[in-house]
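Here the structure comes first, spelled out in structure tokens, and everything after it is commentary.
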Ligand code: WT7
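Residue numbers (my numbering): 19 to 668.
In structure tokens form, the structure reads like this:
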């Protein structure tokens, strides 16, 4: 196997290790390695066994997988109803009174919804959709705040074989219009407004603007949440609650083909128009049910699970709606921001509902680090037994902070790597079985085969490379809506016959995988290929640093120069020179940033990913590119002002 001198350098070495705690192992669903061995012998057989054990089918499949590269189909000939799996089967098994959702509104209002209540409302909603002309295969757009009706609407679509396309409530009317138009949706489900940071943000007015730019939508269902005034267009707009109340409460769950399209979810690439990622039913449900059960070691009788994502992202689809509900979990769903009314809102919620499993994002963890450990210390977090992370590489120091201050040193941390396109978790520890290392997503799950390749497409067994997936998996995307060429081009063209995820990673001497971020972000400094993630992690390992973003800016001498933006922990004092030498000590002089800017905030997408493209624009003194996907655009002006004032260091 090749030495890959120039694919991506491997600079940071993390030595800490955490074996699964004995108290955790004693009660864990998965101890030991038998699932890995079974899957390595026969991955299709392994997934088929999960599909049979974890999912209820109306008709059994006659072929497990058809792999017609780059298209896979799973459980061919099988028939099932996804909403039956998420609701009816639990109620039929006697769990109707079990709480499905402990919902907490941002202002502090709450709702407790059982599986029986959820089933009742989903059936009514499904009948409402039908009465508004929606049938199997039709696309329904959902543009809602984080309220239970979002899950109801998704499951109601699934019940009748309609395809949902959820658009995050923070997106603009233009983004909504683009997605409605691309999918040619005929129905839109929205709300008057929702709560965010103590105020009502209007949704219906934005929806109205979007509808003015599209022509396919014939009916709009409007949930009342914000209480803000809205205009209702006679004949097109209907109040959700009136329709639900009047609806027939029975809507039998009709079986659909395993490959029935379940949803579209749009993901914006770095350039070009958003891609409608297609996910189907039987394989997807198998994948998310299996991973939710084993990665989170779910004991549905006793666990209270909380995923802090929004339903508008894939994490909300797979690990709020489909995975947890298929497993009959009890979960918390929270409407608002983590700092309303105070910086301890999340910890108040954990204490209140005695949350046992928490799944959140590194961006949130680093924000909590910035706010300080005194915030979680105000609350009793002893109910927690497992912590999860998703969305970005988690820096070793952020992992340690999460483990120490949130997990009290007793909870395993599962760093889960996956994508909108993969449908479900692909690389992650299994908490009762895997010895973890802070910052490593560890190993591919049973049934998943990942390999690193170098620039020449040769396999890398140790060091940095491109993360590829070599075998189909049940939750994989089935294509891009309306654009098969783009599907091949985006995922299957860089390396022949395999899926290239766009991410860099490295393998250490013990075979652990360390995600290094998007390969587009890899910097080239004097011929060294340095991952932004490693330099960021080195910065975050300084006790004064909560968060760091690193970019490569054009440099006449070194090709690119490393520029860092740093947020300090709780206002800690530190000099730029000290941080530069810290990086040099941690990972070497080659990675020493040329300039470091201390900043109060960073430009992020609404899902919390750092927008390095904009930071590059700032660093190279360019006029700002497109800022429309920014969560808060004022920070870019602030950074530009600082860049103009601060001399770079050499
Ligand atoms: C991209 C996918 C997966 C649901 C949320 C994001 C990055 C995701 C990790 C992780 C390092 C991660 C990757 C990936 N990413 N999880 N545990 N470690 N990087 O879904 O918006 O489709 O983004 O998020 O770069 O490709 P998405």
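For glycine and all other residues, C-beta sits at the position ideal for the given N, C-alpha and C.
In this structure, residue 253 has its beta carbon at no less than 7 Å from each heavy atom of ligand 1.
For residue 407, the three-state secondary structure derived from DSSP is strand. With a cutoff of 7 Å, residue 409 counts as near ligand 1, since its C-beta is closer than that to a heavy atom of the ligand. Counting every other CB atom within 10 Å of its CB across the protein chains shown gives residue 106 a total of 16 or more, marking it as buried.
Looking at the backbone, the Cα of residue 640 and that of residue 651 are separated by about 16 Å.
Our two residues, residue 308 and residue 334, have alpha carbons roughly 16 Å apart in a direct line. Contact annotation, residue 378 with residue 321: C-beta distance approximately 16 Å; criterion of less than 8 Å not satisfied. Residue pairing by DSSP places residue 86 opposite 89 in a beta bridge. Ranking 184, 211 and 188 by CA distance to the CA of residue 198 puts 184 first. Contact between the stretch 174-194 and the stretch 268-284 is present, with at least three C-beta pairs closer than 8 Å. The three-state reading of DSSP puts residue 417 in helix, counting H, G and I together. Residue nearest to residue 144 within the set 161, 128, 264 and 326 is 264 (criterion: CA-CA distance).
CA-CA distance, residue 422 to residue 26, rounds to 31 Å. Taken from the Cβ of residue 537, every heavy atom of ligand 1 lies 7 Å or farther away. Within the model, the alpha-carbon separation for residue 353 versus residue 57 is close to 39 Å. Going by DSSP, residue 183 is part of no alpha helix (DSSP H) but of the beta strand (DSSP E) stretching over 181-184. A straight-line Cα-Cα distance of about 28 Å links residue 523 and residue 403. As the crow flies, the alpha-carbon of residue 237 is around 15 Å from that of residue 210. Distance from residue 427 to residue 46 at the Cβ level is roughly 18 Å; contact not present, criterion being Cβ atoms closer than 8 Å. Within the same chain, 35 and 37 come within 6 Å of residue 453 by CB-CB distance, once the 5 residues on both sides are set aside. With a threshold of 16 other beta carbon atoms within 10 Å, residue 259 falls short and is exposed. Under the DSSP definition of a beta bridge, residue 220 partners with 211. Between ligand 1 and residue 625, a heavy atom-to-CB distance of less than 7 Å is present.
With a threshold of 7 Å, the Cβ atom of residue 416 does not count as near ligand 1, since no heavy atom of the ligand is closer than that.
Under DSSP, the beta-bridge partners assigned to residue 435 are 445.
The shortest C-alpha to C-alpha distance from residue 342 to any of 592, 30 and 103 is the one to 103.
Residue pairing by DSSP puts residue 349 in a beta bridge opposite 119 and 323. Taken in chain order, the unbroken stretches of beta strand (DSSP E) that lie wholly in the stretch 550-634 and span 3 residues or more are 563-573, 577-586 and 613-616. Residue 554 and residue 578 have their C-alpha atoms some 16 Å from each other.
As a beta-bridge residue in DSSP terms, residue 161 pairs with 208.
For residue 434, the distance from the CB to the nearest heavy atom of ligand 1 is below 7 Å.
Here DSSP, grouped into helix, strand and coil, assigns residue 477 to strand. Nearest to residue 460 by C-alpha distance, out of 419, 412, 471 and 500, is 412. In the DSSP secondary-structure assignment, residue 468 is bridged to 487.
For the set 114, 157 and 125, the Cα lying nearest the Cα of residue 138 is the one of 114.
Within the same chain, 393 and 396 come within 6 Å of residue 362 by CB-CB distance, once the 5 residues on both sides are set aside.
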